[in-house]
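Worksheet for the structure shown next.
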Amino acid sequence: MTKVKIIPNGPVIIFGGLHGVGKSTYAKMISEKFKLDYVSTGTMFRKLASEKGLSLTELSQLASKDPSIDKVIDEMSKEKILEGNAVFDSLLAPFLAKDVESFKIYLFAPIEVRISRISNRDLKPNEQSWNETILREKLEIKRFKKYYGFDLNDTSFYNLLLDTSLFDVEGNIKILEAAVGVYLERRWKNWL
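In terms of this note's numbering, the sequence shown has 124 at position 124, counting the first letter as 1, and numbering is strictly consecutive.
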């Protein structure tokens, strides 16, 4: 028996993938292009870390022991998914929206490319970014499997997969704008 999809009040576009693949960059650009709200669970997580006076790695370690940290962010995300009219930049939103009409895009890139991007963004040495990112990702993969039964490496329910290392930002955004445009035209004609 096939489960009926929940239809939000407007389109939901979700960018998933590990750290440093360009989720924030492309989600922001797509939200601006199609006049949709931008939602970043990474920003929510960073804000929470800052409020608690913790690094991202420290908050990830704490979240591995305390599920309430993720639950706060999850509830805000679920509400926004059902409201619609949003572009998500999120590790977990693709899984939270598995039964919701949405366009899910998985971005990926080789680990060396991802670490270089993270180092440049955070103004940290490559080795430090490598160690922090690998630890965070191990903790997140384990945590999401434990709390939700989701494997962050499972791409089977995404609609589009894109290696962001193949092209520059302009090339990637052309592909993404075209794909999202077709999705909106086909699934959300009345919304456009």
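Beta carbons are placed, not taken as given, at the ideal position from N, Cα and C, and that holds for glycine.
These numbers were taken from a predicted model, which means no experiment stands behind them.
Pull up the distance between the alpha-carbon of residue i and that of residue j, whole angstroms please.
i	j	result
E32	T43	17 Å
L18	W191	31 Å
E101	R143	26 Å
N120	W130	12 Å
V21	K189	30 Å
T41	A27	12 Å
Q128	E75	32 Å
With H, G and I counted as helix, E and B as strand and the rest as coil, what does DSSP make of residue i?
i	result
V39	strand
I7	coil
M1	Model confidence at M1 stands at a pLDDT of 47, short of 50, so the residue's coordinates are unreliable; what they give is reported in the following sentence. Three-state DSSP puts M1 in coil, outside helix and strand.
G16	strand
K138	helix
K28	helix
D154	coil
D89	strand
K52	helix
D74	helix
D163	strand
K98	coil
K23	helix
Round the Cβ separation of residue i and residue j to the nearest angstrom and send it over; I've been treating them as touching at under 8 Å.
i	j	result
L139	S60	4 Å
I175	V87	I175 to V87, Cβ: 16 Å. No contact.
S165	P110	6 Å
In the DSSP output, what is residue i paired with across the bridge?
i	result
K104	I14
At least three beta-carbon pairs within less than 8 Å, the segment 24-38 to the segment 79-90: At 8 Å Cβ cutoff, the stretches touch.
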